[in-house]
Every structure is written in structure tokens, then in C-alpha cells.
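**Student:** Residue numbers for the sequence shown follow my numbering, beginning at 7 and rising by one.
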Amino acid sequence: MAILTLSTLTGWLTDVSCNGLQCLPVELGQLECLRDLNLRRNQLTTLPEELSELPLVRLDVSCNHISHVPVCYRHLRQLQTIVLDNNPLQQPPAQICSKGKYHIFKFLNIVACKRSQEELERALRPTGFNSW
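Below is the structure:
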């Protein structure tokens, strides 16, 4: 297993593909200059939410073991290309991912709205009554 440190991730383009990485450091979200991140062919099972804070233009996480794309990734406004091929995706489903970024982001926005609606309904639900 390769060790990923922030000192190895500098510049606008970062290629850490084919390194057997199993996780990413949360500090990755501090690399404000990072535009292109290639994480292809690793052993990743999750994606850190901190990536949604970066000005990424291209993100390749193909050929990993990722099942979910974090809902917060819909905030990657500068992202032009996201490659999710060859992952056991459950959310968004592979059929949606194959249609491209627009459909992926649309799906993530719908999931976020549903979650917000469910949270609102829970907050407005009456609490239990006191028995006398």
C-alpha cells in the first residue's frame, strides 16, 4: 500500500493513479490550487467530502471500489469532467453516471433535496405526549 502525503500532491495536476491507495487524507481539501486529480486504479472505497471544496476541473476515480459519490460533490462548480467508470456504484447508479456530469449532479441535487425534506418533516413532527 502506498502512502499518500500532502508533500506528494503539489501543483495544478496530481496523478496518484495505480498506487493501491485505500483512503485519502482529509487534508487533501486544503490544496486550493488543485485542478486535476487522477485517482484511477487504486483501492479507494470512499471519497472524502473535503474534495468538494476544491476548484477541481477534472476528477478521475475510475477503477476503484467506490459505491457512493458524496452528495456535497454537487458543489464542484468548476468541474468539467468526472470519470467514475468501473466502480460498484450504488449512488448515483451506474446508468446515471454513464450519462455524464450533468446527470450525476442532477441526481445528487435530487438526493440533497429529499434529505432536506426528510429532515424538515422530522423537525416538524410532533413529539410524544405526556401521559397524566
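A virtual CB, placed ideally from N, CA and C, is assigned to each residue, including glycine. Here the structure is a predicted model, which is why all the values come from computation and not from measurement.
1) Could you give the first and the last residue of the continuous alpha helix (DSSP H) run that contains Arg121?
2) Between Leu53 and Val67, how many whole angstroms is the CB-CB distance? I'm expecting something under 8 Å.
3) When you compare the stretch 70-79 with the stretch 43-61, are there three or more beta-carbon pairs, one atom per stretch, that lie closer than 8 Å?
4) By how many angstroms is the C-alpha of Glu127 removed from the C-alpha of Cys119?
5) Specify the secondary structure class of Val89 as computed by DSSP and reduced to three states.
6) Phe113 to Pro132, Cα distance in whole Å?
7) From the DSSP output, read off the bridge partner residues of Asn44.
8) Helix or strand or just coil, what does DSSP make of Gln97?
**Tutor:** In brief:
1) On the sequence shown, residue 121 is found 115 positions in, with the first residue counted as 1. Looking at the DSSP string, the run of the alpha helix (DSSP H) that includes Arg121 is 107-130.
2) Translated into positions along the sequence shown, residue 53 becomes position 47. Translated into positions along the sequence shown, residue 67 becomes position 61. Contact holds; Cβ gap of about 6 Å.
3) yes
4) Taking the sequence shown and counting its residues from 1, one reaches residue 119 at position 113. Taking the sequence shown and counting its residues from 1, one reaches residue 127 at position 121. Rounded to whole angstroms, Cys119 to Glu127 spans 12 Å at the Cα level.
5) As a first step, residue 89 must be located in the sequence shown, where it is residue number 83. Secondary structure at Val89: strand, using DSSP grouped into helix, strand and coil.
6) To locate residue 113, count along the sequence shown from 1; it is residue 107. To locate residue 132, count along the sequence shown from 1; it is residue 126. So the two alpha carbons sit approximately 31 Å from each other.
7) Counting from one through the sequence shown, the residue named residue 44 turns up at place 38. Asp21, Asp66, per the DSSP bridge assignment.
8) For the purposes of this step, residue 97 is taken as residue 91 along the sequence shown, with counting starting at 1. If DSSP states are grouped into helix, strand and coil, Gln97 belongs with the strands.
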